[in-house]
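In the numbering used here, the protein residues as written are 5 to 325. Every residue gets a Cβ at the ideal spot worked out from N, C-alpha and C, and that includes glycine. Keep in mind it's a predicted model, so treat the numbers as computed, not measured. The structure appears below as structure tokens.
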């Protein structure tokens, strides 16, 4: 008959061999895994070395010449490393290159008689900026003519269903005789004839942007009219459209002008060099232009005239000089 002591001895005799076998199995498995990982690392290192040697050998013997690399290389222009390289090439970026000697010969030693053009539209101007011939620009008839020619250009655009969208004095170029060219059509938009407005994010220059366009995101031809109204005020005042050095209520020239006109203090707005106080004709013309600008600067677009109406009014002013 088995006793408790015999059962205990039997359990130990059975458990010890089983535990040893399990530990031996785990150790063997870990050893196999470790050996395989080392072997993989060794093979990867050998493969990388072989590829590196092959590439370095090919690179030293000949350039890479796959179809893709050849096509890519052809698409990249070669940059001349010096003036001498530039002189040896007949083209550069697809443009024919001439040597200094060739240019000298073609221009008859850079003779002035061979000059193709010079001068015109060299005045990238703000109409209020002082210039060497500022005495001429200060003359009221000159400023009025600038206004007429600018309005004429904008009216032409509107007839062609184009809104300039960035009318300002910086975009008015003058030649030596102060004739106008309206510039910078980067923000211009086509305006369909079958709609009342174009919904678009406000664009333009602070101080010139139509407030209704800014608030309602509705662009119309009258947006250009508002901007031109600011230009008219600049022409008679010689003040900037925005000037943070002015009183906070006068920083925006359009607001300042509206207040001056409504309060019958136009003399505080008009450039004194125009002779507003001493010349009755100038005073009358400046008043007419200010009243026209006041109409252009109305908050609601329906209250503003069309650019064609503005042009007609300005031409009428000219006949009264």
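* Distance, Cα to Cα, residue 261 vs residue 207? -> Counting from 1 along the chain shown, the entry for residue 261 is found at position 257. Counting from 1 along the chain shown, the entry for residue 207 is found at position 203. Answer to the nearest angstrom: the Cα atoms are 23 angstroms apart.
* Could you name the residues of the same chain whose beta carbon sits closer than 6 angstroms to that of residue 278, not counting the 5 residues immediately before and after it, in chain order? => In the chain shown, residue 278 corresponds to position 274, counting from 1. So the list reads 144 and 286, once near-sequence residues are dropped.
* Asked: At what residues does the alpha helix (DSSP H) containing residue 274 begin and finish?
  -> The count along the chain shown starts at 1 and reaches residue 274 at position 270. Run containing residue 274: none; DSSP gives neither H nor E here.
* Asked: Going by other Cβ atoms of all chains shown within 10 Å of its Cβ, with 16 needed for buried, is residue 169 buried or exposed?
  -> The residue given as residue 169 occupies position 165 in the chain shown. Looking at its Cβ environment, which holds 16 or more other Cβ atoms inside 10 Å, residue 169 is buried.
* Give the range of the beta strand (DSSP E) segment to which residue 172 is assigned. => Locating residue 172 in the chain shown gives position 168, where the first residue counts as 1. Secondary structure note for residue 172: it is in no beta strand (DSSP E), with a DSSP letter that is neither H nor E.
* Which value, in whole angstroms, describes the spacing of the CA atoms of residue 307 and residue 317? -> Your numbering for residue 307 matches position 303 in the chain shown. Your numbering for residue 317 matches position 313 in the chain shown. Roughly 16 angstroms separates the two Cα atoms.
* Taking the C-alpha atoms as reference points, what is the distance between residue 186 and residue 177? -> The residue labelled residue 186 in the question sits at position 182 within the chain shown. The residue labelled residue 177 in the question sits at position 173 within the chain shown. So the two alpha carbons sit approximately 6 angstroms from each other.
* To do: Can you grab the Cα-Cα spacing for the pair residue 295 / residue 149, in whole Å?
  => For the purposes of this step, residue 295 is taken as residue 291 along the chain shown, with counting starting at 1. For the purposes of this step, residue 149 is taken as residue 145 along the chain shown, with counting starting at 1. Looking at the backbone, the Cα of residue 295 and that of residue 149 are separated by about 17 angstroms.
* For residue 193, which residues does DSSP report across the bridge? -> Here the question's residue 193 lines up with position 189 in the chain shown. In DSSP, residue 193 forms a bridge with 167.
* If we ignore side chains and look at the alpha-carbon of each, how far apart do residue 280 and residue 272 end up? -> Translated into the one-based positions of the chain shown, residue 280 becomes position 276. Translated into the one-based positions of the chain shown, residue 272 becomes position 268. Near 10 angstroms, if we compare the C-alpha coordinates of residue 272 and residue 280.
* From 290, 304 and 302, pick the residue whose C-alpha is nearest to that of residue 151; which is it? -> As a first step, residue 151 is located in the chain shown; it is residue number 147 there, counting from the start. Of the candidates 290, 304 and 302, the one whose C-alpha sits nearest the C-alpha of residue 151 is 290.
* Taking the alpha carbon of residue 330 as the point to measure from, which residue in 113, 155, 154 and 259 has its own alpha carbon closest? -> The structure shown does not extend to residue 330, since the chain is modelled only from 5 through 325, so no value can be given for it.
* Asked: Thinking C-alpha only, which one of 198, 182, 210 and 171 is nearest residue 191?
  -> Sequence index remark: in the chain shown, residue 191 carries index 187 (1-based). In this structure, 171 is the residue among 198, 182, 210 and 171 with its C-alpha nearest to the C-alpha of residue 191.
* Asked: Would residue 114 be called buried (16 or more neighbouring beta carbons within 10 Å of its own) or exposed?
  -> The sequence position of residue 114 within the chain shown is 110, counting from 1. Residue 114 sits exposed, since fewer than 16 C-beta atoms from the chains shown fall within 10 Å of its C-beta.
* Taking only runs that begin and end inside the stretch 260-320, name each unbroken alpha helix (DSSP H) of 4 or more residues, in chain order. => Listed in chain order, the complete alpha helix (DSSP H) runs (minimum 4 residues) inside the stretch 260-320 are 284-300.
* To do: Please classify residue 100: does DSSP put it in a helix, a strand, or coil?
  => On the chain shown, residue 100 is found 96 positions in, with the first residue counted as 1. Three-state result, residue 100: strand.
* Helix, strand or coil at residue 203 [DSSP, three-state] -> As a first step, residue 203 must be located in the chain shown, where it is residue number 199. Strand.
* Where does residue 256 fall in DSSP's three states? -> Looking up residue 256 in the chain shown gives position 252. Strand.
* Do you know whose CA, among 267, 226, 312 and 297, lies nearest residue 235's CA? -> What you label residue 235 is simply residue 231 of the chain shown in a count that begins at 1. Taking only the C-alpha atoms, the option nearest residue 235 is 297.
* **Endpoints, the beta strand (DSSP E) within which residue 184 is located** => Numbered from its first residue, the chain shown carries residue 184 at position 180. Run containing residue 184: 184-186, per the beta strand (DSSP E) assignment.
* Asked: Are the beta-carbon atoms belonging to residue 314 and residue 232 less than 8 angstroms from one another?
  -> What you label residue 314 is simply residue 310 of the chain shown in a count that begins at 1. What you label residue 232 is simply residue 228 of the chain shown in a count that begins at 1. Their beta carbons are under 8 angstroms apart, which means residue 314 touches residue 232 by this criterion.
* **Whether residue 221 touches residue 300 by CB criterion (8 angstroms)** => Along the chain shown, one-based indexing puts residue 221 at 217. Along the chain shown, one-based indexing puts residue 300 at 296. Between residue 221 and residue 300, the C-beta spacing is not below 8 angstroms.
* Rounded to whole angstroms, what's the CA-CA distance from residue 223 to residue 100? Just pull it up for me. => Counting from 1 along the chain shown, the entry for residue 223 is found at position 219. Counting from 1 along the chain shown, the entry for residue 100 is found at position 96. Computed Cα separation, rounded: 45 angstroms.
* **residue 229 in three-state terms, based on DSSP** => The residue given as residue 229 occupies position 225 in the chain shown. The three-state reading of DSSP puts residue 229 in helix, counting H, G and I together.
* Let me know if residue 320 comes out buried or exposed under the rule of 16 or more other beta-carbons within 10 Å of its beta-carbon. => Position 316 of the chain shown, counted from the start, is the residue given in the question as residue 320. By the neighbour-count rule (16 or more Cβ atoms within 10 Å), residue 320 is not buried but exposed.
* Rounded to whole angstroms, what's the CA-CA distance from residue 181 to residue 324? Just pull it up for me. => Here residue 181 corresponds to residue number 177 of the chain shown, with the count starting at 1. Here residue 324 corresponds to residue number 320 of the chain shown, with the count starting at 1. Inter-residue distance for residue 181 and residue 324 is about 22 angstroms (C-alpha atoms, whole angstroms).
* Report the option in 211, 241, 237 and 267 whose CA atom is closest to the CA atom of residue 248. => Counted from its first residue, the chain shown places residue 248 at position 244. Looking only at 211, 241, 237 and 267, the smallest Cα-Cα distance to residue 248 is reached by 211.
* **Unbroken alpha helix (DSSP H) run spanning residue 220, endpoints** => For the purposes of this step, residue 220 is taken as the residue at position 216 of the chain shown. Counting along the chain, residue 220 sits inside the alpha helix (DSSP H) bounded by residues 215-220.
* To do: Determine, using beta carbons only, whether residue 194 and residue 166 come nearer to each other than 8 angstroms.
  => Residue mapping note: residue 194 aligns to position 190 of the chain shown, counting from 1. Residue mapping note: residue 166 aligns to position 162 of the chain shown, counting from 1. It is a contact, given that the beta carbons lie within the stated cut-off.
* Check whether the Cβ atoms of residue 153 and residue 201 lie closer than 8 angstroms to each other. => Looking up residue 153 in the chain shown gives position 149. Looking up residue 201 in the chain shown gives position 197. Going by beta carbons, residue 153 and residue 201 fall outside the 8 angstroms limit.
* **For residue 243, the three-state DSSP class (helix, strand or coil)** => Numbered from 1 along the chain shown, position 239 holds the residue referred to as residue 243. Coil.
* Evaluate residue 283 with the Cβ neighbour count: other Cβ atoms within 10 Å of its Cβ, from every protein chain shown; 16 or more gives buried, anything less gives exposed. => In the chain shown, residue 283 corresponds to position 279, counting from 1. Taking all protein chains shown into account, residue 283 has fewer than 16 neighbouring C-beta atoms within 10 Å of its C-beta and is therefore exposed.
* Would you tell me roughly how many angstroms separate the C-alpha atoms of residue 4 and residue 173, rounded to the nearest one? => There is no way to answer for residue 4, as the model of the chain reaches only from 5 to 325.
* To do: Within the same chain, show all residues whose beta-carbon is closer than 8 angstroms to that of residue 155, passing over the 5 residues directly before and after it, in chain order.
  => Taking the first residue of the chain shown as 1, we reach residue 155 at position 151. The answer, listed in chain order, is 232, 311, 314, 315 and 318.
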